[in-house]
RNA sequence: GCUGGUAUAGCUCAGUUGGUAGAGCAGCGCAUUCGUAAUGCGCAGGUCGUCAGUUCGAGUCUGACUACCAGCUCCA
């Protein structure tokens, strides 16, 4: 690499830099724990990791010792030398060095693969590279081991659990500090913490994975649902509600039982087998079948805010982000193949509108059908091409994600980027030729004959619960006016202003706002502090001056004291802000 | 589910080598009527996650279970 490549702007260099640091980690582990067996240790998005098989378990104290050893290795300025070996010699070398995992990796390499090693001092590792030329190039003070945890060999839950050490490294200490600050910021925004502090929602031991929503959290939920209804009505959707429990036979018909029974909850009613729905679509199919439809009724757009239950593994649960009961903002479109292009594009535009409203950037991923796709190859190829064409013909950029689609079809996923740069998969558009077939859906064509519609399964929020979790972290609890559980709080300075404060609060309430008052005999600074911590968008500080003039002194949570305005002007501007849903 | 860790008041945390619990904030009461992020004083609040065990004695030691945390796996 030439000198001007020595920067993290160059992705290749960054990878080589971090990969080299992971080798330094492995070398340090081998020095301190000679019996440790090496598995793999790649560079990843935020740094690197290395997996080891050791007798003793690593602890944070171990990490400190390893970090010190790594710094020594950096100081030793060991040069990295690459060499290649024929397969048998490579296996022999790794066998001699007692590295069974490396031997397994070599045996699994393709016949014609070049087998290369990197050597630094006494340390040798099987590795394709590339690497830096010297361990001294790694900045010792811009490197940190962040955590240690278990990880399965080759990512397989049936294989042995190894010990993984995560670390990160940069070219400058400032960059490391900035990274660590970002981690701290994420902790500060943790929706589990904010959810409790702002009294939005919580999870209790009594219902792992089953969230409680408190009055203030319900305000946010209801506002999100109102907006969803408003938008879907405008986009020509009808709304339905289908049952949470349906008989087991339905789930055999849909294919969910075959593909998903481990994650479903079952129950018995009058001796018959029933299942709690993990998805809304089968219910949607039955709703479609209530009567015969004409081709003139298509495309038929149907939405459902449906509560689904999925048995997630206990270790996978995480606040509102991963729960066992959640509400999907499902929207199904029944249509003909001629409709497909415009309908898919319409949904893309709809989802775009929703994300923009919250200030999310996003990117799309096209996921093709998985191995266990239930349709034939012709449909697989055809449906994937339809999605691809919509994206290509409309100049949409996307990432290809092979084999990650649903068992009934390919999909376009929306990955949004939040205020501190994390990505979340939320929206989805799934093209499905299978369910209409399985449920024998029909419509009468212009030719008078019966035809089979196709369908789209779509969601924008994905899960309302999870979306609220994401929004909480995105806004750090400071929700835009239209979502804020309390939109304004009236803070009289003394009891003399109590009547005026009550009048102001009543006026705001009449204008449709969620208002609170704080009449406690506390100093104004105390009341303001509390309102700030509750992240209430507007505080109205009212004293003798305001009562005399009929004005209100406005304080915003972000901008502090805004001075006095007339109550009417304030209410008008608030109405505008609420209506436009700006943030 | 797997690996490791954690569990003390509503919240955040102290609690020495085992000798039967403590602070701040929040809550309640009283005083204070104050102009943009914490007024003072007082009161109340915990069978120390649950169940066993060791011990004269367990918040402290052991085991099982539950939940949570960090990852892994999974997320149709």
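Residue numbers (the working numbering): 43 to 625. Just so you know, even glycine gets a beta-carbon here, dropped at the ideal spot from N, CA and C.
In the DSSP assignment, residue 186 falls within the unbroken beta strand (DSSP E) covering 185-194. A distance below 6 angstroms between beta-carbons, with the five flanking residues on each side excluded, links residue 504 to the following residues of its chain, in chain order: 468. Annotation note: the stretch 98-185 contains the following uninterrupted alpha helix (DSSP H) runs of length 4 or greater, listed N- to C-terminal: 102-117, 129-138 and 142-150.
Taking a C-beta distance under 7 angstroms as the contact criterion, residue 112 and residue 66 qualify as a contact pair. With at least 16 other beta carbons inside 10 angstroms of its own, residue 135 counts as buried. Counting other Cβ atoms within 10 Å of its Cβ, residue 152 stays below 16 and is therefore classed as exposed.
In the three-state reduction of the DSSP assignment, residue 411 falls in the coil class, being assigned neither a helical nor a strand state. Exposed is the label assigned to residue 264, since fewer than 16 other Cβ atoms lie within 10 Å of its Cβ. Inter-segment contact for the stretch 427-442 and the stretch 482-491 is absent: fewer than three beta-carbon pairs are separated by less than 8 angstroms. The C-alpha of residue 465 is placed about 30 angstroms away from the C-alpha of residue 101.
Boundaries of the alpha helix (DSSP H) harbouring residue 294: 290-296, taken from the DSSP string. Less than 7 angstroms divides the Cβ of residue 361 from the Cβ of residue 234. Between residue 173 and residue 122 the beta-carbon gap is near 5 angstroms, inside 8 angstroms, which marks them as a contact. Judged by DSSP secondary structure, residue 369 falls within the beta strand (DSSP E) whose first and last residues are 367-377.
For residue 499, the uninterrupted beta strand (DSSP E) segment begins and ends at 496-505. Going by beta carbons, residue 425 and residue 475 fall inside the 7 angstroms limit. By the neighbour-count criterion, in which 16 or more other beta carbons inside 10 Å mark a residue as buried, residue 591 falls on the exposed side.
Judged by pairs of C-beta atoms under 8 angstroms, the stretch 490-509 does not touch the stretch 223-237, as fewer than three such pairs exist. Taking C-beta separations shorter than 8 angstroms and ignoring five residues to either side along the sequence, the partners of residue 386 in its chain run 428, 429, 432, 454, 471, 473 and 498, following chain order. Note on the stretch 457-495: whole beta strand (DSSP E) runs with a minimum of 3 residues are 465-474, in chain order.
DSSP places residue 604 in the strand class (E or B) of the three-state scheme. Residue range 540-552 is occupied by the alpha helix (DSSP H) that includes residue 545. Going by DSSP, residue 426 is part of the alpha helix (DSSP H) stretching over 419-435. Across the structure, residue 91 and residue 278 are spaced so that their CA atoms are roughly 49 angstroms apart. Nearest to residue 105 by C-alpha distance, out of 156, 189, 163 and 390, is 189. For residue 386, the uninterrupted alpha helix (DSSP H) run begins and ends at 382-400, by DSSP. Contact annotation: the stretch 373-385 does not touch the stretch 510-529, with fewer than three C-beta pairs closer than 8 angstroms. If you draw a straight line from the Cα of residue 408 to the Cα of residue 441, it comes to about 6 angstroms. Listed as beta-bridge partners of residue 281 by DSSP are 345. In the displayed model, residue 56 falls within a helix according to three-state DSSP. Between residue 511 and residue 406, the C-beta spacing is not below 7 angstroms. Annotated as proximal: residue 579 and residue 526, with beta-carbon spacing under 7 angstroms. According to the DSSP assignment, residue 205 belongs to the beta strand (DSSP E) that extends over 203-211. Residue 306 is classed as buried because its beta carbon has at least 16 other beta carbons within 10 Å across all chains shown. Distance from residue 531 to residue 560 at the Cβ level is roughly 6 angstroms; contact confirmed, criterion being Cβ atoms closer than 8 angstroms.
Considering only 49, 171 and 397, the residue with the shortest C-alpha distance to residue 179 is 49.
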